[in-house]
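Q: Its first residue numbered 341, the sequence shown is counted upward by one per residue in my numbering.
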Amino acid sequence: MHVYINNRLIPESKAKVSVFDHGFLYGDGIYETMRAYEGVVFMLDEHIRRLYRSASLIQLAIPKGAAEIKSAIHKTLKANSLKNAYIRITVSRGSGKIGLDPALCEKPTFIIITNEFKDYPASFYKKGVRLIISSVKRNLKEAINPQIKSLNFLNNILAKIEAKKKKAYEALMLNSQGHLTEGTICNVFFVLKKKNKSVLCTPSLDCGILDGITRNIVLELAKKHGITTKESKFKKEDIYRASEVFITNTTMEIMPVCKVDSVSYQVGSVTKLLHEAYKENVRAYLAKVG
Ligand code: PLP
341 MHVYINNRLI
351 PESKAKVSVF
361 DHGFLYGDGI
371 YETMRAYEGV
381 VFMLDEHIRR
391 LYRSASLIQL
401 AIPKGAAEIK
411 SAIHKTLKAN
421 SLKNAYIRIT
431 VSRGSGKIGL
441 DPALCEKPTF
451 IIITNEFKDY
461 PASFYKKGVR
471 LIISSVKRNL
481 KEAINPQIKS
491 LNFLNNILAK
501 IEAKKKKAYE
511 ALMLNSQGHL
521 TEGTICNVFF
531 VLKKKNKSVL
541 CTPSLDCGIL
551 DGITRNIVLE
561 LAKKHGITTK
571 ESKFKKEDIY
581 RASEVFITNT
591 TMEIMPVCKV
601 DSVSYQVGSV
611 TKLLHEAYKE
621 NVRAYLAKVG
């Protein structure tokens, strides 16, 4: 595989950044993850927009325009003969003297890593994955804006370590007020039955979560299919009494959940309907953009 680093495609074994890069030293940088289906990068404009938003929130000027970034992605996919791919753009503050001041760095480091997209195990979608509610709290939104997709992932990594210890696939984090937020790399949804009607619930943005691109699509698809949605502040007891739970992100799409802590769930009709609708939405996007 070749890695795109600052305008050049470099063989993976030689792809290196400086030990003085502030992304490495301080986690000073941002990133974006995308998925390509049959050579088409799904929701490319939205991901690039979010990359610029993250950059602007840390006052990092990306040294490329959107068209240039798109062309660099396609160049990297082509160099690696990839059609179904995982794509990660990382932009760090760049290399500079030791010290937190961003002005110490002359220019940002811009990297695109691509890889063949490996399907998640089919059993994950058929049976669902296990989650825990982590004892690690989500970073305070007033301390670090969750809309910054930053290179600082320790909060989420600590939650992931706890999940792995408990043999779970993913961890959901609560915020400091005890409200549900999101997983370490995903948003969360659950279905509550109200007078026999299904209500699709998800934590609202003010709980301190990333406004996931997949999350937005799911909310739109639910509305389109007549499913009532509710974005609000929820407690863990709400998810414990749900009839269905699923998690979402760009690579996993909609992944059913079979257990949260000791509570079990079926892969239910709302999850199945929305995942089918999501796949149809991807197909329509490919037909339009591809
Ligand atoms: N929440 C967090 C913390 C994430 O890291 C991600 C994805 O990376 C998501 C949610 C889901 O975002 P998206 O649907 O845009 O991939």
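Cβ coordinates follow ideal geometry from the N, Cα and C atoms, glycine included.
Have a look at Thr568 and Leu532 and give me their C-alpha separation to the nearest angstrom.
A: Rounded to whole angstroms, Thr568 to Leu532 spans 10 angstroms at the Cα level.
Q: Specify, as a first and last residue, the run of the alpha helix (DSSP H) that Ser463 falls within.
A: That run of the alpha helix (DSSP H) goes 462-467.
Q: So which of Val381, Thr416, Ile452, Asp368 has the shortest CA-CA distance to Ser396?
A: Minimum Cα distance to Ser396 is reached at Asp368.
Q: Please classify Gly548 as buried or exposed, where buried requires at least 16 neighbouring CB atoms within 10 angstroms.
A: The residue is buried, with at least 16 neighbouring Cβ atoms inside 10 Å.
Q: Report all residues from its chain with a CB closer than 6 angstroms to the CB of Ser490; omit the five preceding and five following residues, and keep chain order.
A: Closer than 6 angstroms at Cβ, skipping near neighbours: Ile370.
Q: Rounded to the nearest angstrom, what separates Lys354 and Ser421 at their Cα positions?
A: C-alpha separation (whole angstroms): 19 angstroms.
Q: Given this structure, state the Cα-to-Cα distance separating Glu522 from His615, to the nearest angstrom.
A: So the alpha carbons of these two residues sit roughly 19 angstroms apart.
Q: Starting from Ser394, follow the beta strand (DSSP E) in both directions and report where the run begins and ends.
A: Run containing Ser394: none in the beta strand (DSSP E); it sits in the alpha helix (DSSP H), 384-397.
Q: Using CA coordinates, which residue listed in Lys573, Asp361, Ile451 is at the minimum distance from Lys404?
A: Checking every option, the nearest Cα to that of Lys404 belongs to Ile451.
Q: Out of curiosity, what's the CA-to-CA distance linking Ala582 and Tyr605?
A: Answer to the nearest angstrom: the Cα atoms are 8 angstroms apart.
Q: Quick check on the DSSP output: the beta strand (DSSP E) that includes Phe360 runs from which residue to which?
A: Per DSSP, Phe360 belongs to no beta strand (DSSP E) and is neither H nor E.
Q: Alpha carbon to alpha carbon, how far is Glu446 from Ile309? Give it in angstroms, no decimals.
A: Residue 309 lies beyond the residue range present for the chain, which begins at 341 and ends at 630; the question has no answer from this structure.
Q: Cα-Cα, which of Phe464, Val476, Lys415, Ile497 is closest to Gly518?
A: Minimum Cα distance to Gly518 is reached at Val476.
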